[in-house]
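Comments concern the structure below.
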Amino acid sequence: MAKRKTKPIVAVVGRPNVGKSTLFNALAGENISIVKDTPGITRDRIYADIHWLDMTFTLIDTGGIEPDSKDVILSQMREQAEIAMETADVIIFLVDVKQGLVDADSKVADMLRRSHKPVVLVVNKVDSFQKYMADVYEFYNLGIGDPHPISAVNRLGIGDMLEAVTEYFDKEQAEEEEDDRTRVAIVGKPNVGKSSLINKLLGENRLIVSDIAGTTRDAVDTEITYNGKEYVFIDTAGLRRKNKIKEELERYMIVRTVSAVERAEVVVLMIDAEEGVTEQDAKIAGIAHERGKATIIVVNKWDAIEKDDKTIYKFTEKVRNTLSFMPYAELLFVSAKTGQRLPKLFETIDIVSENHAMRVATGVLNEIMAEAVAMQQPPSDKGKRLRLYYITQVAVKPPTFVIFVNDKELMHFSYTRYIENQIRETFGFKGTPLRFIIRERK
Ligand code: GDP
Ligand code: GDP
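FYI, the numbering for the sequence shown is 3 to 444, going by my numbering.
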């Protein structure tokens, strides 16, 4: 049975000013990974990967803009809680010991309790455990379990809080490991045709939509059998927010995308042929790239545009330019409406998910590297020349290689890219990113 390597998602929910951003920063610290060659990735911390002990999880801040009245606060907290319940494996409900228990907290706690999601109640601003502990107990009244006191500013109680959060991971992981089906996330901006695609795939193949037992996300997972093979499609379309604030919509789109992408091996990025490829598409694509997923760019509504013999080449060029950080991605032109080239989509999903999990023997890798080095001399600086000693593949999903060199500083991005290209020339690895870790060996 294939082991799944998906990172759990933890969402933080709480009123304005309880300290969500402060907690986020305390946890993410310098760990936040910003992929340099991914343009358009939101730099504001909507999400970050957190490493603690031997665990990694993705932390999501569901809170956005500061509302100005009490009514708005409650409705916004409800929204936050909904997003968290839809996307997260564990929810951190953050409250503020200084403000004490307020009505909105109780209402949100009721919602969270009904969702049956694991919730860790965290009481912030407990700057002195001695002084404020009595006030912490008040939060037992929320009826969602033990309150965990922390001080985000002083980094107190963070370890205990993380222990409570990560305790919930094992169960989740064990469930997912049982699953051998290819998981495909359908992502893209609103109205590109995500729901239409899923409906068409379902309709065309007259297949069963089933509740997937044991998961809490049945609503967005669609099981489709094609040619006797089972796939799980993870949809980000379901959510239709009435929210008027543009930044909020963008945040929700990103949160949903991160959550769907994290749970998948293959990402289908949908682009609207009528609108062309946009910066928003690049932002969404960046999430798949950053997370090392196999990616298929699907240009939808191909039926709707006027074409001549050059249209497809022009479109291809534009897509490749805008998404230049993922040259490995496969590209398909489809119509969810007519069903054009949808069989090809399944074929491509199979290919890219195989490549995503492909392992190459160390001997062959070293032959390729030796040949590459012989063909193009490694760079040198101040009289010192880069030497590449050894390469080995250390992981799959995505394929990850370690190259041992004499001096890391000399291993420029362009030479790593050159080695990557040589490996791709031999093995293809179509549709999947490759990762390279450079290590020094003296
Ligand atoms: P958010 O609106 O929930 O993201 O809250 P912020 O992280 O922006 O924090 C709101 C205010 O609470 C800021 O002035 C923080 O400095 C303060 N704050 C956050 N954590 C603590 C804490 O542990 N102790 C104290 N005393 N203040 C804190
Ligand atoms: P979603 O928000 O990404 O789920 O997008 P929908 O599936 O709701 O589609 C948005 C709109 O685009 C609807 O009016 C669809 O009928 C239309 N649409 C979706 N796919 C196609 C397509 O392949 N061709 C054409 N012409 N229209 C499409």
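All C-beta atoms in this analysis are idealised placements derived from N, C-alpha and C, irrespective of residue type, glycine included.
DSSP places H291 inside the alpha helix (DSSP H), whose first and last residues are 281 to 292. Shown here, K386 sits in a strand according to DSSP, grouped into three states. The beta carbon of L412 sits closer than 8 Å to those of P380, P381, S382, D383, K386, R387, L388, all from its chain and outside the five residues before and after it, given in chain order.
Assigned with DSSP and collapsed to three states, H150 falls in strand. Judged by DSSP in its simplified three-state form, L55 adopts coil rather than helix or strand. The C-alpha of T318 lies about 10 Å from the C-alpha of V279. For V279, the shortest C-beta to heavy atom distance toward ligand 2 is 6 Å or greater. Taking C-beta atoms as the reference points, I152 and N193 fail to come closer than 7 Å. In the DSSP annotation of this structure, V301 is not part of any alpha helix (DSSP H); the continuous beta strand (DSSP E) holding it starts and ends at 296 to 302. In the DSSP assignment, R441 falls within the beta strand (DSSP E) that extends over 437 to 442.
In the same chain as S261, and ignoring 5 residues on each side of it, the C-beta atoms closer than 7 Å to its own belong to I11, T89, in chain order.
S77 has its alpha-carbon roughly 26 Å from the corresponding atom of D137. Per DSSP, the beta bridge partners of Q395 are F403. Between ligand 2 and A287, a heavy atom-to-CB distance of less than 6 Å is absent.
CA-to-CA, the gap between K119 and V92 works out to about 7 Å.
The set of residues with CB atoms less than 6 Å from any heavy atom of ligand 2 reads, in chain order, G190, P192, N193, V194, G195, K196, S197, S198, A239, N302, K303, D305, A306, S337, A338, K339.
The DSSP-derived three-state label of I273 is strand. Going by DSSP, D137 is part of no beta strand (DSSP E) but of the alpha helix (DSSP H) stretching over 131 to 139.
Between the beta-carbon of Q282 and that of D305 there is about 22 Å, and that puts the pair past the 8 Å contact cut. Membership of A106 in the alpha helix (DSSP H) is indicated by the continuous run 105 to 117. Taking a 10 Å sphere around the C-beta of P345, we find fewer than 16 other C-beta atoms and assign the residue as exposed. Just so you know, the alpha carbons of P435 and Q132 end up roughly 51 Å apart. Looking at the DSSP output, A187 sits in a beta bridge with I236, V269. A distance below 6 Å between beta-carbons, with the five flanking residues on each side excluded, links A290 to the following residues of its chain, in chain order: V263, V269, T297.
Contact between V189 and I286 holds: their C-beta atoms lie close to 5 Å from each other, under 8 Å.
With a cutoff of 7 Å on beta-carbon distance, V128 and H150 are scored as not near each other.
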